[in-house]
Amino acid sequence: MCAPLFLSAFRNCRINVSAMRVLAENSGSVFLNSNHTEERAGDSFVSIQGIAPGSRSMCEGAVKRVSKSMSLNSRPQPKRPMDAVGKRFTSKHRFSPAFLSWRPAKLCRIVQAHPLLILLSILWPLMVPLEYNLTMVAPGGEAYDAGFVVTDRLHKFLKENTSWHHLLAAANTVLVVFQILYIAWVWAVEGRFRPTLASAFMYSSRGFLGYSTQLPLPKDFLDSAVDFPVGDYSFFLFFSGHVGASVICSLDLRDVNRMRGALLMDTLNVLQMVRLLASRGHYTIDLVIGAFAGWACYYVAGLYEERMKSVILMSSNAVVPDADHSDSDHPKSDK
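For the sequence shown, the residue numbers in the working numbering are 19 to 353.
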């Protein structure tokens, strides 16, 4: 006789406690009373008042344990460190290498998204044996330059036809003068300071590096009276300011969406590089690093501009006394 009564009371208590657990997860508030234990979620109530007195205490004890466990779970837990993917570290597994999650499909997506990375990954193993099996240039020997080898025929043509050499040198001088005028125009008229700042960065670093390591003048250098700098002046070989200034102008033209002008500047820059190699005015490394220096200095100038804008904005947001306060500090005398 007692067994069916006990099973019925236990079943009712279990059903009500399960319902209260669901509602407690939604609302988070549990109201306990000795005569009436209930939980509210919105406008709905679940009560255990109708349970027999003998089993009601059992249910109330279960509800109190549920409430206690939920109050413990609701306490703020200390934050655990996270990895780069955003997963929590555990005591058992504190480090998960990224390559363990690589799958063939993911590798295919990496190849499609980063073709340059794949190209560099192929070239790097080829460059290592080339470097370690290369015959070094003997002390006092002539420097080897691949650009001189490629432009050897053009060099011989300019050496035999000096009029063409002077004509190309004059055209190169016009290009350099145009770069100077363009950078000055952009700052003074259009109000863009970035190309000027990039040029200042580039030529300052060029002077420091060029003086630190003074390379010998290439053999068979073809001089011209109309080349820039005009006249018989010395100049730094490393790195090329001609190429760097052209890159700065091209990047600025792209920023203002003058794509045709940028394409024209890039074309003239390539022709300028060929002419400098043919006349032995620069080594290949001077031209390549000059192009990279122009891009890097333009990027640094952009970072400097953004930083200065934030500083100016913070200073402009400073608290300024109102006009009413200034008038109150100095009251006008009544006439």
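We put the beta carbon where it would ideally sit given N, CA and C, even for glycine. The structure displayed is predicted, hence computed values, not measured ones.
Helix, strand or coil at M277 [DSSP, three-state] | As a first step, residue 277 must be located in the sequence shown, where it is residue number 259. It is helical.
If you compare alpha carbons, which of W313, V167, A311 is closest to S297?
-> Locating residue 297 in the sequence shown gives position 279, where the first residue counts as 1. Among W313, V167, A311, the Cα nearest to that of S297 belongs to V167.
On the premise that Q290 lies in contact with V261, defined as a C-beta separation below 8 Å, what is that separation, rounded to the nearest angstrom?
-> Translated into the one-based positions of the sequence shown, residue 261 becomes position 243. Translated into the one-based positions of the sequence shown, residue 290 becomes position 272. Their Cβ separation, rounded to whole angstroms, is 7 Å, which keeps V261 and Q290 in contact under 8 Å.
Any 3 or more C-beta pairs closer than 8 Å across the stretch 166-183 and the stretch 279-288 = no
Drop a sphere of 10 angstroms on the beta-carbon of G363, count the other beta-carbons inside from all chains shown, and report buried for 16 or more, exposed for fewer.
-> Beyond the ends of the chain as shown, which are 19 and 353, falls residue 363; an answer cannot be given.
S242 - containing alpha helix (DSSP H), residue span | If you number the sequence shown from 1, residue 242 lands on position 224. Careful: S242 lies outside any alpha helix (DSSP H) and carries neither H nor E.
Report yes if the CB atom of H173 is closer than 8 Å to the CB atom of D238, and no otherwise.
-> Translated into positions along the sequence shown, residue 173 becomes position 155. Translated into positions along the sequence shown, residue 238 becomes position 220. Yes, they are a contact pair.
Give the straight-line distance between the Cα atoms of I136 and V129, rounded to the nearest whole angstrom.
-> As a working mapping, residue 136 is identified with position 118 in the sequence shown. As a working mapping, residue 129 is identified with position 111 in the sequence shown. So the alpha carbons of these two residues sit roughly 7 Å apart.
Is it the case that the CB of A311 approaches a heavy atom of the ligand MG more closely than 7 Å?
-> For the ligand MG, the structure offers nothing, since it holds no ligand at all.
Assuming I201 contacts S217 under a Cβ cut-off of 8 Å, what Cβ separation, rounded to an integer in Å, is found between them?
-> By one-based count along the sequence shown, residue 201 stands at place 183. By one-based count along the sequence shown, residue 217 stands at place 199. Right, their Cβ atoms sit about 6 Å apart.
Touch test, the stretch 151-159 against the stretch 295-310, Cβ-Cβ under 8 Å, three pairs minimum | no
For S258, count neighbouring C-beta atoms within 10 Å of its own C-beta (all shown protein chains included) and say buried if the count is 16 or more, exposed if not.
-> For the purposes of this step, residue 258 is taken as residue 240 along the sequence shown, with counting starting at 1. Buried, since its Cβ has 16 or more Cβ neighbours within 10 Å.
Which listed residue (K124, L321, G228) has its alpha carbon closest to that of I303 = Along the sequence shown, read from residue 1 onward, the residue named residue 303 stands at position 285. When each option's Cα is compared against that of I303, the closest is G228.
N-terminal and C-terminal residue of the alpha helix (DSSP H) that G320 is part of | For the purposes of this step, residue 320 is taken as the residue at position 302 of the sequence shown. Taken as a continuous stretch (DSSP letters only), the alpha helix (DSSP H) holding G320 covers 302-334.
Is DSSP giving F211 helix, strand or coil here?
-> Within the sequence shown, numbered from 1, the residue matching residue 211 stands at position 193. Of the three classes helix, strand and coil, the one that applies to F211 here is coil, per DSSP.
Taking the continuous alpha helix (DSSP H) assigned at H183, which residues delimit it?
-> Here residue 183 corresponds to residue number 165 of the sequence shown, with the count starting at 1. Counting along the chain, the alpha helix (DSSP H) containing H183 begins and ends at 180-206.
What is the rounded straight-line gap between the Cα of V329 and the Cα of W120?
-> The residue given as residue 329 occupies position 311 in the sequence shown. The residue given as residue 120 occupies position 102 in the sequence shown. If you take the alpha carbons of V329 and W120, they lie about 44 Å apart.
Given a cut-off of 8 Å, decide if D270 and R325 are closer than it, judged by their beta-carbon atoms.
-> As a first step, residue 325 must be located in the sequence shown, where it is residue number 307. As a first step, residue 270 must be located in the sequence shown, where it is residue number 252. Contact flag unset, no.
Got a sec? Which residues, its chain only, sit under 7 Å from Y221 by beta carbon, not counting five neighbours each side?
-> Residue numbering aside, residue 221 sits at position 203 when the sequence shown is read from its first letter. Cβ neighbours of Y221 beyond the five flanking positions: G259.
Can you give me the Cβ contacts of G279 inside the same chain, cut-off strictly under 7 Å, excluding the 5 residues immediately before and after it?
-> Taking the first residue of the sequence shown as position 1, residue 279 is located at position 261. The answer, listed in chain order, is L271.
Grab me the residues of W142's own chain with a C-beta within less than 7 Å of its C-beta, minus the 5 sequence neighbours each way, in chain order.
-> Mapped onto the sequence shown, residue 142 falls at position 124. Around W142: no qualifying Cβ.
In angstroms, rounded to a whole number, what distance separates the CA positions of D163 and V306?
-> Taking the sequence shown and counting its residues from 1, the one referred to as residue 163 is at position 145. Taking the sequence shown and counting its residues from 1, the one referred to as residue 306 is at position 288. Near 13 Å, if we compare the C-alpha coordinates of V306 and D163.
Going by Cα to Cα distance, which pick from D241, L321, G225 is closest to P256?
-> Walking along the sequence shown from the start, residue 256 turns up at place 238. Residue identity check: residue 256 is Phe in the sequence provided, not Pro. Nearest option by C-alpha distance: G225.
Could you tell me whether the Cβ atoms of T153 and V292 are closer together than 8 Å?
-> If you number the sequence shown from 1, residue 153 lands on position 135. If you number the sequence shown from 1, residue 292 lands on position 274. The answer is no: Cβ separation not under 8 Å.
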